[in-house]
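**Q** Next up is a structure, given as C-alpha cells.
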Amino acid sequence: MVAKKKEVIEHIDYAKENVVLAGQLTKRNEQYIHDLDKALSLANVSELDRQRLAYTMMQELIQNQKTGKTARQLYGTVAEQTKRILEGPKEDETKPSPDWKLFLDGGLLMGSFFMIMTGISANSQSLGIVSMLLNYVIMGLAMLVLTKASPKYQEMMKASTHKWVALFKYLMITILTMLICVSGIFVTSFIPAVINPVLDKSIYLIIGVITLGAKFYLKKKLNIRGGLF
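Numbering (this note's numbering), first residue to last: 1 to 229.
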C-alpha cells in the first residue's frame, strides 16, 4: 500500500499541477512562491525539489488564505524560509542529543581524565597506547549507559517514575556499569606490547589535554544536550 502511494506521488506532474495551484493563490502569495523559488534556484536547489516544495506550500497556502493568512505570516520572510529549507529541520532543543553525541561527549571527557591522570602520575604503571585509546570507547559506552539511566535524562524524556525507585535503579546500573568498565580496561592490558607499546607519560598528558579541549569544543559545536556533565 505504501509502495503504491509513493509511486502515485512520484508520478505527479509538479510543473502542471503547480500552474493550477498558482492560479488559486492571491497575488501576494503567488509572488512569495515566485521569489522563494528564485532564491532556492540561486542556492542550487534542483528544479524537481523546488517544484515539490512549491506544490506542498501552495496547497497549504490555499487552505490558509481562506482565513486571511499570508505566506509571510506562515513562513516568515523569503530569506528566513530559504535559510530554514537549506539548513533542514533542527533538533528539538528540549530533548537529549542522539546517542552517538552522548557517547562522543562522555568518551572524550572520561577518556581524557584517564589519559591526563596517567600522564601526571609518577608512580602508576602506564598502559599501552592502544589500551589507552580503547579506554575512550569503553568510557564512552559506560557514560552513554549512565546518562540514559540518569534521572536528568529520564526527566527530559518524560519517563521518570517515583524518585526513590529511579535513584535505586540508577545506583544499581551505575555499579554494574562501572564493574563492566573496569573489567574492559583490565582486558585491554593483555594486548601484546608489540602492537600496544607504552609511551612516555608526557605524550599521554598531551593527548589527554588535546582530547579534553576537543570535548568542550564539540559539546558547543554539536550542541550536545542531556549529558551528565
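Each residue gets a CB set at the ideal place from its N, CA and C atoms; glycine is no exception.
Computed from a predicted model, the values in this text were never measured in an experiment.
1) Closest to residue 114 by CA distance: which of 223, 179 and 126 is it?
2) Drop a sphere of 10 angstroms on the beta-carbon of residue 204, count the other beta-carbons inside from all chains shown, and report buried for 16 or more, exposed for fewer.
3) For residue 196, collect the residues of the same chain with a Cβ closer than 7 Å to its Cβ; drop the 5 residues on either side in sequence, then sort them by chain order.
4) For residue 90, does the three-state DSSP call read helix, strand or coil?
5) Please state whether DSSP places residue 68 in a helix, a strand or coil.
6) On the premise that residue 39 lies in contact with residue 82, defined as a C-beta separation below 8 Å, what is that separation, rounded to the nearest angstrom?
7) Ordered along the chain, which non-local residues of its own chain (more than five positions away) have a Cβ less than 6 Å from that of residue 22?
8) Using DSSP with H/G/I as helix, E/B as strand and the rest coil, what is residue 34?
9) For residue 225, name the three-state secondary structure that DSSP assigns.
10) For residue 2, I'd like the list of residues in its chain whose CB is within less than 8 Å of its CB, leaving aside the five on either flank, ordered along the chain.
11) Based on Cα-Cα distance, which residue from 145, 185 and 120 lies nearest to residue 135?
12) According to DSSP, is residue 210 part of a helix, a strand, or is it coil?
13) Candidates 139, 146, 111 and 194: which alpha carbon is nearest residue 210's?
14) Spatial neighbours of residue 9 within its chain, please: C-beta separation below 6 Å, excluding the five flanking residues on both sides.
15) Specify the secondary structure class of residue 175 as computed by DSSP and reduced to three states.
**A** The structure says:
1) 126
2) buried
3) 128, 129, 130 and 131
4) Correct three-state label for residue 90: coil.
5) coil
6) 4 Å
7) For residue 22, where only same-chain residues beyond five positions count, the Cβ hits under 6 Å are 30.
8) helix
9) coil
10) Its pLDDT being 43, under 50, residue 2 is placed unreliably in this model, and the coordinates cannot settle the point.
11) 185
12) helix
13) 111
14) Because the pLDDT at residue 9 is just 46, under 50, the model does not fix this residue reliably, and the value given afterwards should be weighed accordingly. Result list for residue 9: empty, nothing under 6 Å.
15) Helix, per DSSP.
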